[in-house]
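Heads up: the sequence shown at position 530 corresponds to 536 in the numbering used here, and the numbers run straight through without jumps.
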Amino acid sequence: MNTALVNSETVALLSQITGQKLNQRQITPPVIFLAALVTVLLGVMFADGTVADEKKQKLQKILDHVTPSGSQLRKFTQILIKGVQQHQVYQQFNELIKLTAPLTEPERLLLVSFAYQISAIDRDISSQEKSYLQDLANQLEVNPEYLAVLVAGFSKQGTINSEALGQVHALLNPANFQSVNPLLVSPASYIIAELPAIPLSADNQTVNSYSLELQQSATKLKQFIQDCFNELKQAETVLNTKPQIAKLAKQKLLEKLGECSGLYVKISHLEEKFKKQTIEQAKTSWQKWIEKLKENLQKEWFADVRLEEEKVEDKNQLAQDYAQEFRQELIAKLDDWLNNLITVNIQGIDQDLEMIQENIIELNQDIAIDLEFELIQEIEEVKKSLYSNTEYFEEYFGGDESESNLLEWAFDTTGLILGAVTSGIAGVFKFGGRGSDVPQPSIKQKVFEQSWNQLEQSQDEIFNKVQEIIVVVIADKIQSSTNIAEQAVSLYEVFIEQQQRYQEETTEQRSAEKAWILQQRQALGKVYKNVNAVRAQIL
Numbered sequence: 007m008n009t010a011l012v013n014s015e016t017v018a019l020l021s022q023i024t025g026q027k028l029n030q031r032q033i034t035p036p037v038i039f040l041a042a043l044v045t046v047l048l049g050v051m052f053a054d055g056t057v058a059d060e061k062k063q064k065l066q067k068i069l070d071h072v073t074p075s076g077s078q079l080r081k082f083t084q085i086l087i088k089g090v091q092q093h094q095v096y097q098q099f100n101e102l103i104k105l106t107a108p109l110t111e112p113e114r115l116l117l118v119s120f121a122y123q124i125s126a127i128d129r130d131i132s133s134q135e136k137s138y139l140q141d142l143a144n145q146l147e148v149n150p151e152y153l154a155v156l157v158a159g160f161s162k163q164g165t166i167n168s169e170a171l172g173q174v175h176a177l178l179n180p181a182n183f184q185s186v187n188p189l190l191v192s193p194a195s196y197i198i199a200e201l202p203a204i205p206l207s208a209d210n211q212t213v214n215s216y217s218l219e220l221q222q223s224a225t226k227l228k229q230f231i232q233d234c235f236n237e238l239k240q241a242e243t244v245l246n247t248k249p250q251i252a253k254l255a256k257q258k259l260l261e262k263l264g265e266c267s268g269l270y271v272k273i274s275h276l277e278e279k280f281k282k283q284t285i286e287q288a289k290t291s292w293q294k295w296i297e298k299l300k301e302n303l304q305k306e307w308f309a310d311v312r313l314e315e316e317k318v319e320d321k322n323q324l325a326q327d328y329a330q331e332f333r334q335e336l337i338a339k340l341d342d343w344l345n346n347l348i349t350v351n352i353q354g355i356d357q358d359l360e361m362i363q364e365n366i367i368e369l370n371q372d373i374a375i376d377l378e379f380e381l382i383q384e385i386e387e388v389k390k391s392l393y394s395n396t397e398y399f400e401e402y403f404g405g406d407e408s409e410s411n412l413l414e415w416a417f418d419t420t421g422l423i424l425g426a427v428t429s430g431i432a433g434v435f436k437f438g439g440r441g442s443d444v445p446q447p448s449i450k451q452k453v454f455e456q457s458w459n460q461l462e463q464s465q466d467e468i469f470n471k472v473q474e475i476i477v478v479v480i481a482d483k484i485q486s487s488t489n490i491a492e493q494a495v496s497l498y499e500v501f502i503e504q505q506q507r508y509q510e511e512t513t514e515q516r517s518a519e520k521a522w523i524l525q526q527r528q529a530l531g532k533v534y535k536n537v538n539a540v541r542a543q544i545l
């Protein structure tokens with residue numbers, strides 16, 4: 007990977023996807039490849055507008071192959087999936103190019119290989135997927151002959167050009183990734199194992215099945231060895247952090263632990279206070295808000311639209327459409343009012359979360375390793391959710407049955423409202439149309455009047471639901487915030503316990519651990535080399 011091509015645009019895009027302000031140091035080759043991989047896999051999944059369960063499972067399986075078990079990178083993939091979906095990066099090739107520009111030809115082919123593999127999971131690549139894959143391959147400048155190999159190989163249909171197959175095998179040879187991006191050694195072996203083997207000469211046809219079996223066994227063994235390398239890398243990371251953790255000032259850790267514990271208690275105790283003051287404010291402002299809402303809606307709904315309504319043949323359907331429009335507008339107004347009300351009354355929690363976030367960032371800086379990136383990201387997401395606009399009525403009381411029960415007075419277009427309106431439609435147009443001196447209200451105005459009457463009769467029921475929503479929403483926001491504080495407390499407790507243990511360890515113990523890791527890595531390296539030698543003889 008040519009990391010020199012990682013520029014400020016790449017950093018900005020990854021910061022947008024993750025919702026975290028990243029720096030150049032954090033944009034490592036594995037991070038770039040993972041971001042590109044998640045983007046193209048989601049692009050293929052959403053290409054035809056449907057996402058089958060087997061494709062979701064395949065997506066997770068592919069990402070598990072690419073990331074070591076239990077690593078921060080594996081957790082990072084979930085952040086990437088959410089961010090790429092939210093910003094729909096997979097639909098913007100100009101953005102994707104910012105991620106793929108640093109990739110080498112083998113890395114780009116590996117990326118496209120996974121995309122073709124997930125598209126062929128059901129042995130049938132849809133026309134939309136083919137179009138997306140072709141555009142992707144063109145953007146990445148992948149040889150069309152290689153694409154034919156991937157299509158035939160993964161779909162198990164059609165013939166394969168043996169020369170092109172050999173070139174694909176050569177490009178995806180795991181040795182190509184060992185020095186530039188070791189993380190991709192195992193994924194490359196995985197793809198090679200899924201593709202047809204290079205055909206043997208006619209003289210060797212009798213041993214073809216045995217040769218293929220040996221190749222597959224060798225590939226699986228190499229994958230296992232790579233997993234072991236990854237585990238050793240994780241152990242080495244832990245070993246390298248021991249001196250930094252041991253040197254941390256214990257008093258400072260205890261102070262930060264106390265601070266996070268205090269914030270946990272503080273946030274927990276805010277729940278009942280926020281619920282009470284929000285409901286009290288809702289009670290005092292409800293009637294005034296209803297009156298103001300009626301005044302604003304009347305300006306819109308009392309506009310003269312009779313001439314437009316005369317042109318509509320199905321007056322009953324028009325009345326029903328108006329009733330539905332009123333329903334949607336009323337829910338939107340209720341949501342806006344609730345959003346403002348709740349936001350005003352939960353101010354301050356974000357500042358508490360920022361204190362926790364600053365403590366964790368400082369801890370990472372003290373040990374010079376980004377150990378808690380995921381928690382920092384989670385804090386960012388919770389902070390955003392605290393004051394984000396939410397469709398409360400749909401989210402907390404959604405669904406056909408509960409929705410109908412919630413605002414039956416406004417939604418029953420076949421009942422009181424529609425019945426009252428449609429019974430007067432003939433009068434509106436027969437006696438109040440052109441040539442009449444008696445002005446008649448429009449159907450739209452009649453719908454509003456009937457809907458508003460039902461609203462006024464059901465105010466108590468609706469306000470009870472409003473109070474229920476306030477209780478549920480504030481409980482959810484407090485719970486997500488206390489979860490953050492609880493994780494921070496646990497983090498500091500773990501560090502204090504680890505520090506005690508690491509300080510008791512001798513230099514000899516750490517040297518022995520380091521030597522053991524080196525010994526295991528060397529042993530695995532020899533096995534890996536021998537497997538490659540055997541596989542080369544087979545090929």
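Glycine included, every Cβ here is placed at the ideal spot set by N, Cα and C. Fair warning: this is a prediction, and the values are worked out from it, not measured in the lab.
In the three-state scheme derived from DSSP, where H, G and I count as helix and E and B as strand, residue 168 is classed as helix.
If you draw a 10 Å sphere on the C-beta of residue 307, you find 16 or more other C-beta atoms in it, and that means buried.
Taken atom to atom, the span from the alpha-carbon of residue 398 to that of residue 341 is near 6 Å. Contact annotation: residue 68 and residue 247 have beta-carbon atoms that are not nearer than 8 Å. Annotation for residue 40: the continuous alpha helix (DSSP H) segment containing it runs 35-51. With a 10 Å radius around the Cβ and a threshold of 16 neighbouring Cβ atoms, residue 531 comes out exposed. When C-alpha distances from residue 231 are compared across 320, 394, 188 and 395, the shortest belongs to 188. In the structure shown, residue 506 adopts helical secondary structure according to DSSP, grouped into three states. In the structure shown, residue 532 adopts helical secondary structure according to DSSP, grouped into three states. Between the segment 349-364 and the segment 384-397, the count of Cβ pairs shorter than 8 Å is three or higher; the stretches touch. When Cβ pairs closer than 8 Å are counted between the two stretches, the segment 468-478 is seen to touch the segment 279-290, the count reaching three or more.
Pairing residue 26 with residue 337 gives a Cβ-Cβ distance that is not under 8 Å. Only buried fits residue 351, as 16 or more other CB atoms lie within 10 angstroms of its CB. Note that the C-beta distance between residue 43 and residue 120 is below 8 Å. Note on geometry: alpha-carbon atoms of residue 331 and residue 303 lie some 12 Å from one another. Following the DSSP letters along the chain, one finds residue 348 inside the alpha helix (DSSP H) bounded by residues 321-351.
In this structure, 35 is the residue among 35, 534 and 62 with its C-alpha nearest to the C-alpha of residue 108. Secondary structure note for residue 95: it is in no alpha helix (DSSP H), with a DSSP letter that is neither H nor E.
Residue 500 and residue 329 have their C-alpha atoms roughly 58 Å apart. In terms of Cβ geometry, residue 202 and residue 159 form a close pair [threshold 8 Å]. The segment 240-256 and the segment 457-471 do not touch, with fewer than three beta-carbon pairs separated by less than 8 Å. Going by DSSP, residue 393 is part of no alpha helix (DSSP H) at all; its letter is neither H nor E. Under the criterion of beta carbons closer than 8 Å, residue 113 and residue 190 qualify as touching, at roughly 7 Å. By the criterion of a C-beta distance shorter than 6 Å, residue 153 is surrounded in its chain by 143, once the five residues flanking it on both sides are discounted. Secondary structure note for residue 73: it is in no alpha helix (DSSP H), with a DSSP letter that is neither H nor E. Counting only the Cα atoms, residue 293 lies some 32 Å from residue 312. The C-alpha of residue 290 lies about 38 Å from the C-alpha of residue 493. Remark: C-beta atoms of residue 40 and residue 115 do not approach each other more closely than 8 Å. Distances from the alpha-carbon of residue 361 to those of 317, 491, 241 and 479 put 491 closest.
Residue 127 and residue 174 have their alpha carbons spaced roughly 20 Å apart. Residue 457: member of the alpha helix (DSSP H) spanning 449-463, first to last residue. Secondary structure at residue 469: helix, using DSSP grouped into helix, strand and coil. The residue among 94, 79 and 242 with its C-alpha nearest the C-alpha of residue 517 is 242.
Annotated as distal: residue 141 and residue 192, with beta-carbon spacing of 8 Å or more.
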